[in-house]
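In what follows, a single structure is set out as structure tokens and then discussed.
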Amino acid sequence: MFLFFAVGNYACFKNAGCGTILLKGEGVNMKIIKNKALWLVMAFYTSVLALLYSSARVSYYFIDRDSVKGLSVGLLVLMIAVFVLQLFTFLRGKNLREKHLKALFIAAIVFNVIFTAVVIAYAVMGWEMWDDYAYYIRISLPYFLIIWFGVASILLLPFLKGKMKAIGSAVLCVCLLFGIVVIAFKPFHFQFAAQPTVFVKSEDTYSVVWATNAPSTGELVIESGGTTQHLYDENAGNLRTNDCVHHISVPMSVLNNCSRYKVISTRVKERTGYSLWSGKTIESEDYSFQAVKDDEENLNIWSLSDWHEHASLAQKAVADFPKADVLIACGDELNMVNDQKGVIEHLLAPCAQFTHSSIPVIFVRGNHECRGDYASELMSDLGLNSFYYTFRLGSLGGVVLDMGEGNADDFIEYWSLADYEAYRDEQEKFLETLKLPKTKYRFAISHDERFEANMSSEDSDNPRRDRSGIVTYLNRMGIDLLVAGHLHESIVRPTGENGREFVSFVDGGINKENVYSAGLIEINGKTMTLSTVDSNGKTVLTQEVALNNK
Ligand SMILES: [Fe+2]
């Protein structure tokens, strides 16, 4: 990208004799300035900058907050204006007086240099959010393609002569044909985009979730004691065919006792009222599921939070961990939930890789899963009924909580789209009378463990309502451990802190140096060892704590 900017600017300067302008003022080569092709190239270059700059719109709020309100959108409008101005000069330049043409040329060059610098600055500052920038490029690209195609066919083609005209027409026709074929037939290799993950849905139900790279059907085949059971991703008897993510609820007793299971999907290209145009059928490998036994004393539980779209770092951090019995996906796997593709790439595929599709995953929503266009679809994609729920996995039981966003609902970044205080009220009510399943070990899990008024310094001017009542309820339930993330630190809070009659474990996550820490909870009947290990293989924290004597 940098190379492109450099070459683009150098070409503009060199071809137009801009260096001469800046050095000698009057030494402009008018022949070059009057060259229509140059204006078209510059207009195209500005439009590419506008596309790249618009892809960073997720950061506009922060830039405006720290500079001038409306600056970011103003800059985008200016880019569009310069683009239009260059097109206008391409069309009507010959009617302008030389001094006006020179002035327009200098203005265009100066603005293009400024725009290039802005785009480079955004790219450098936001390189960690490249996936999100790529998402916005993807959704903006069709609009820009229409503009480019329109400009090329309406403005450029009549301008071309002889052989060039024939070549230009042929290129445009090929582009058009290619676009139609892609839209109509979606010609790509159909495959799994994420292998299955077994999410915990309730005390007695799993939700098996996987994804394909095109809309398809979903079938779960479970073999147990010589019998084969077929379950389908369906809605009131109707097989779902218009989605890439499949989720099937299955009783824990069925999957816990199976000898193996697999998932099958058939691509569906078109489903009419009376016909089906289907494609390839794909099958996963056979998986054997390892359930936690009711009397199991020794457990290895991985708690991974806040990988923020850097699952590969989390993968490095757990490389030497003992095999897990349970994975806690403790929130903020994504930066924001823009679309289903993001859910597949940053949540479903990593969870399947961490667990080899063979152990249960307890999903905990993080505050970053509350953000983005697709955030309200996440629960449905995971086949869950709620983001707060109780669970029972053999000897491990407990409750998952969801604090939603980190600040008060009227925090400016939420744009009046948050109603989490009422949602947290609902959970306090749920906890008031909750009886946890009778299990040997009891966990409470919450992405954000700051139940007391939100005390982080950056948020202190806009705190959430105090929820320390939750601690009282958890004390009553005899929780062994509270597991959390969110703080991007490895912390063990001893019993007694903030009135808590249980130990709290904050499992790490990614830090500012791009080093990821993963949490490991090893239980051996009498004690728990809480550790975090980072993506460089360094043990950040390790502490042995006694279990509650209930
Ligand atoms: Fe968080």
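Quick note on the numbering used here: the sequence shown kicks off at 79 and runs consecutively. Glycine included, each C-beta is placed from N, C-alpha and C at the ideal position.
query                                                                                                                  : result
Heavy atom of ligand 1 within 8 Å of residue 564 beta-carbon                                                           : yes
DSSP three-state assignment for residue 606, whether helix, strand or coil                                             : strand
Residue ranges of each alpha helix (DSSP H) within the region 403 to 433, 4 or longer                                  : 418 to 421, 427 to 433
Three-state class that DSSP yields for residue 314 in the structure shown                                              : coil
Cβ contact (3+ pairs, closer than 8 Å) linking the region 114 to 125 and the region 180 to 193                         : yes
Boundaries of the alpha helix (DSSP H) in which residue 571 is found, first to last residue                            : Looking at the DSSP string, residue 571 is not in any alpha helix (DSSP H); the run it does join, the beta strand (DSSP E), is 568 to 571.
Simplified DSSP state of residue 328, which is helix, strand or coil                                                   : strand
Residue 196 vs residue 139 beta-carbon contact at 9 Å                                                                  : no
Own chain, CB closer than 7 Å to residue 142, minus 5 neighbours either side, in chain order                           : 148, 149, 150
Same chain, Cβ closer than 7 Å to residue 566, neighbours up to 5 away in sequence not counted                         : 384, 587, 588, 589
Cβ-based neighbour list, residue 377, same chain, cut-off 8 Å, excluding 5 preceding and 5 following                   : 370, 403, 404, 473, 474, 519, 599, 600, 601
Distance between residue 542 and residue 291 (C-alpha atoms, nearest Å)                                                : 40 Å
Simplified DSSP state of residue 218, which is helix, strand or coil                                                   : helix
Nearest-angstrom Cβ-Cβ length linking residue 329 and residue 372, presumed shorter than 8 Å                           : Not confirmed; about 16 Å, so no contact.
Whether residue 121 touches residue 154 by CB criterion (9 Å)                                                          : no
Between the CA atoms of residue 194 and residue 171 - distance to the nearest angstrom                                 : 24 Å
Exposure of residue 390, with buried meaning 16 or more beta-carbon neighbours within 10 Å                             : exposed
Cβ-heavy atom distance, residue 107 to ligand 1, below 8 Å                                                             : no
Integer-rounded CB distance, given that residue 583 should sit under 8 Å from residue 597                              : 7 Å
Distance cut-off 8 Å: residue 450 Cβ against heavy atoms of ligand 1                                                   : no
Own chain residues within Cβ distance below 6 Å of residue 420, not counting five before or after                      : 412
Between the CA atoms of residue 248 and residue 231 - distance to the nearest angstrom                                 : 11 Å
Supposed contact pair residue 200 and residue 134 - C-beta distance, whole angstroms, cut 8 Å                          : 4 Å
Limits of the alpha helix (DSSP H) - the one that residue 188 falls within                                             : 176 to 203
Distance between residue 477 and residue 342 (C-alpha atoms, nearest Å)                                                : 32 Å
Where residue 134 sits in the DSSP three-state scheme                                                                  : coil
Proximal residues to residue 306 (C-beta, below 8 Å), its chain only, five neighbours per side dropped                 : 299, 300
Residue 572 to residue 609 span [Cα, whole Å]                                                                          : 14 Å
Check: residue 384 C-beta below 8 Å from any heavy atom of ligand 1                                                    : yes
Run of the alpha helix (DSSP H) containing residue 453, from where it starts to where it stops                         : Taken as a continuous stretch (DSSP letters only), residue 453 belongs to no alpha helix (DSSP H), as it is neither H nor E.
Spatial neighbours of residue 272 in its chain, beta-carbon cut-off 7 Å, leaving aside the 5 residues before and after : 288, 289, 422, 426, 427, 430
Buried or exposed (CB count within 10 angstroms, at least 16 for buried), residue 104                                  : Confidence in residue 104 is poor, its pLDDT being 48 and thus under 50, which makes the residue's placement unreliable; the coordinate value appears in the next sentence. It is exposed - the Cβ of residue 104 has fewer than 16 other Cβ atoms within 10 Å.
Exposure of residue 263, with buried meaning 16 or more beta-carbon neighbours within 10 Å                             : exposed
Per-residue burial, residue 624 [other beta carbons within 10 Å of its own, 16 or more giving buried]                  : exposed
Per-residue DSSP class, three states only, for residue 592                                                             : coil
Contact test: residue 178 Cβ vs ligand 1 heavy atom, cutoff 8 Å                                                        : no
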